[in-house]
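Chemist:
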Amino acid sequence: MTMFKNGGGRSAIVWCIFVLPLPAFLILAYFLPMMGILSWSFTDPVPGLQNYARIAEDQTIHLLFWRTLRICLTTAVISVLVAYLLAYHWILGPPARQRLIEMAILIPFWISVLVRAFGWLILLRPKGLINENLIALGIITEPLAMVRNEIGVVIGMVHFMVPMAVFPIAAVMRQIDPRVIQAARGLGAGSVRRFIEVFLPLSMPGVIGALFIVAVFSLGFFITPAILGGGRVVMVAENIFVRMLQTANWGLGSALAAVLLVLVVGLIWILSRIVRLDRLL
Amino acid sequence: MHNDQPGRISTAFVYVAILFLASPLLAVIPISFTSKRFLSMPDGDWSLRHYQELLSNQQWHDGILTSVTIAALAAILATVFATLFCIGIWYVKSRFTHAFVGIVLAPLAVPPIISALALYFFVTRTNTFDTLLGVVISHAVMSVPYAVVTLLVTLSQVDRRIELAARNLGASVWQTTFWVVLPNIRFGVLTAAFLSFVMSWEEIAVTLFVTSVKIVTLPRMIWAGLRDNVDPVIAAISVALILLTVLGMVLKLIAELRAGPRTQG
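Going down the list, the protein sequences come from chains P and D. So for the first sequence, full-length UniProt numbering puts the first residue at 1; every next one is plus one. So for the second sequence, full-length UniProt numbering puts the first residue at 1; every next one is plus one.
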């Protein structure tokens, strides 16, 4: 009983009044209800595994998952490339540029996802700023289709994810010992070689962490896809949203949620095997 | 120089990346000044009618008031829970600590759609669907992990010996907490409360599931506006929210400069 080793009264107060209320609150308001929702996948409309059987067989659901994975993977790769560039300059650039990058990351980070998706809608729609200007300049005659398709969804999601990907990459880059780079220089490595053979491998834990973080977040995301996809680029999360709130197909919706949860938990488990999670903070 | 400076080509690309991050925020500014009833560029015909609409329309006032009320209550709830929890595990140091922290941080990694479903289940079972209480509890659940992370980081920088010293001088748990620990982490507590407030103020995914017609938050109004025929008043409210954020950043910068290096973390 290590829980109560140092004196009865004090420990009891600390446990009952300090430590336990929050986990208890979350179990009651969050974890038990989550079990409740997931149990619907086995009971609605009739008890059994028919919802999972349908997920295993239905071609449109397979397409839905493939589309989701394709969009999440594309988003993750592009976001991490952009974030790496930003993090590199944030850590190593001149002070003025460091402050500019900090602002460019933090201001979008604090602004509502709705406002950001709306901004992209204004830029990308057929009568939007980009198309109107390109037509006015005579570069194109017909507006480019950039919303209500995967391009718009990926652009909006990358914009949402880049700030989140910068933080873990920058955290790892900060921990790289500058003397290692200096040593490489002393041994005659040129700047390209110093980057590719020394800096890049040392920053890889951040890159891998950021890839997984972006993938996990984008898997369950439905606000940006709903606004920029316009109902045509439906991903798993938005599909669950529609099934639950509009068509009241509770059983299948919660079975899809269960599959999504398993995917996310699996990704986090794989990540925890590859890198130490506390290095990313 | 102790380290490699970024090259010119990558510098050019980084400015493209900065432009990419800024462009959707800049794009809403001209649209908000259009004189027309639909999304369009002002084309020389600048107008403040959508800002007037924002200031005069009772619905927007109600939405803002609802959001502020919910965010304040959710922030208080989340901060109290998170502060007690973090101070508690800082006191006890048990082998269960990791498991408890894991449970408390789990909502961070769970997809928002699944959190939304869980909270929908909770509010329907407790008869708090579409009520202030239901939204406050739901938002507190979503923001509490952020408050916990903030406070754990703050507490990790506090010297543990102050608790031992207080205890040796005969202070009770309460005296230690209120007179010794809390004063040392007050910036962390304020940051946690602020973070929780912002999380709730912006929350939309869960709100869509736990409210219907009675509780209409500002994000819910924006969401509805974006789904139907988009009204330029959405651009005006977006500009207001962006200005608020920039103002907050500037104030934070000023506060940091004035406080000096003493209050890091």
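We put the CB at the ideal spot given by N, CA and C, even for glycine. Computed from a predicted structure; not experimentally measured.
Quick one: what's got a C-beta closer than 8 Å to T69(D)'s C-beta in the same chain, skipping five residues either side?
Modeler: Leaving aside the five residues that flank T69(D) on each side, the residues in its chain whose CB is nearer than 8 Å to its CB run, in chain order, L132.
Chemist: Given that a residue counts as buried once 16 or more other Cβ atoms are within 10 Å of its Cβ, and exposed if not, what is T2(P)?
Modeler: For T2(P), the pLDDT reaches just 40, beneath the cut-off of 50, and the residue's location in the model is therefore unreliable, although a value from the coordinates is still provided. That one is exposed.
Chemist: Have a look at I140(P) and R125(P) and give me their C-alpha separation to the nearest angstrom.
Modeler: Rounded to the nearest angstrom, the two C-alpha atoms are 15 Å apart.
Chemist: Looking at L152(D) and C86(D), is the spacing between their C-beta atoms short of 8 Å?
Modeler: yes
Chemist: Taking only runs that begin and end inside the stretch 7 to 70 of chain P, name each unbroken alpha helix (DSSP H) of 4 or more residues, in chain order.
Modeler: 8 to 13, 21 to 26, 32 to 43, 50 to 57
Chemist: Is it the case that the Cβ atoms of T34(D) and P24(D) are separated by a distance below 8 Å?
Modeler: Not a contact, by the Cβ cut-off of 8 Å.
Chemist: R186(D) lies in the alpha helix (DSSP H); which residues open and close that run?
Modeler: 186 to 202
Chemist: Name the residue from T11(D), L48(D), T207(D), G225(D) whose alpha carbon lies nearest to the alpha carbon of T128(D).
Modeler: T207(D)
Chemist: Could you check whether A140(D) and A78(D) sit closer than 8 Å to each other, using their CB atoms as the reference points?
Modeler: yes
Chemist: Return the residues of the stretch 158 to 187 of chain D that lie within a Cβ-Cβ distance of less than 9 Å from chain P, sorted by chain order.
Modeler: R167, S172, V173, W174, T177
Chemist: Where does T245(D) fall in DSSP's three states?
Modeler: helix
Chemist: Can you tell me where the alpha helix (DSSP H) with T66(D) in it begins and where it stops?
Modeler: 58 to 92
Chemist: Does the beta carbon of I254(D) come closer than 8 Å to any beta carbon on chain P?
Modeler: no
Chemist: Could you tell me whether the Cβ of P42(D) comes closer than 8 Å to any Cβ of chain P?
Modeler: no
Chemist: If we define contact as Cβ-Cβ less than 8 Å, is A257(P) a contact residue for chain D?
Modeler: yes
Chemist: Please identify, using Cβ separations under 9 Å, the residues of the stretch 226 to 238 of chain P that lie next to chain A, in order along the chain.
Modeler: Annotation note: the requested chain A is absent from the structure, which comprises protein chains P and D.
Chemist: Quick check on R99(P): buried or exposed, where buried means 16 or more other Cβ atoms within 10 Å of its Cβ?
Modeler: exposed
Chemist: Going by beta carbon distance, what residues of the same chain come within less than 8 Å of A145(P), once the five residues before and after it are set aside?
Modeler: Once the five neighbours on either side are set aside, the close Cβ partners of A145(P) are P126, I151.
Chemist: For the stretch 120 to 134 of chain P, which residues have a CB atom closer than 7 Å to at least one CB atom of chain D, in sequence order?
Modeler: W120, I122, L123, L129
Chemist: Step through the CB atoms of chain P and report whether any lies within less than 8 Å of the CB of Q264(D).
Modeler: In this prediction, Q264(D) has a pLDDT of 44, which is less than 50 and means its spatial position is unreliable; nothing more can be read from the coordinates.
Chemist: Would you call the stretch 114 to 122 of chain D in contact with the stretch 217 to 237 of chain D, where contact means no fewer than 3 C-beta pairs closer than 8 Å?
Modeler: no
Chemist: Considering only their Cβ atoms, is the gap separating V101(D) from T211(D) smaller than 8 Å?
Modeler: Not closer than 8 Å, so no.
Chemist: Given that F197(D) touches chain P, what residues does it touch there, using C-beta distances under 7 Å?
Modeler: Within chain P, no residue comes near F197(D); the closest Cβ sits about 12 Å away, beyond 7 Å.
Chemist: Taking the C-alpha atoms as reference points, what is the distance between V113(P) and L164(D)?
Modeler: Taken atom to atom, the span from the alpha-carbon of V113(P) to that of L164(D) is near 45 Å.
Chemist: To be precise: take each residue of the stretch 31 to 47 of chain P, compare its Cβ to all Cβ atoms of chain D, and keep it if any distance is under 7 Å. Which residues remain?
Modeler: P33, M34, G36, I37
Chemist: Using 10 angstroms around the beta-carbon of G186(P), count the other beta-carbons present and answer buried if the total reaches 16, otherwise exposed.
Modeler: exposed
Chemist: Could you spell out where the alpha helix (DSSP H) holding Q157(D) opens and where it closes?
Modeler: Per DSSP, Q157(D) lies in no alpha helix (DSSP H) segment and is marked neither H nor E.
Chemist: Should the stretch 227 to 238 of chain P be called in touch with the stretch 232 to 239 of chain D, which here means at least 3 C-beta pairs below 8 Å?
Modeler: no
Chemist: Hey, quick one: how far does the alpha helix (DSSP H) through V207(P) stretch, first residue to last?
Modeler: From DSSP, the alpha helix (DSSP H) with V207(P) extends over 200 to 219.
Chemist: Can you list, in chain order, the residues of its chain whose CB lies under 7 Å from that of E202(D), leaving out five sequence neighbours each side?
Modeler: P219
Chemist: If you measure beta-carbon to beta-carbon, which residues of the stretch 50 to 70 of chain P are closer than 8 Å to chain D?
Modeler: Taking a C-beta cut-off of 8 Å against chain D, none of the residues of the stretch 50 to 70 of chain P qualify.
Chemist: Kindly indicate if chain D contains any beta-carbon less than 8 Å away from that of G266(P).
Modeler: Judged by the 8 Å Cβ criterion, G266(P) is not in contact with chain D.
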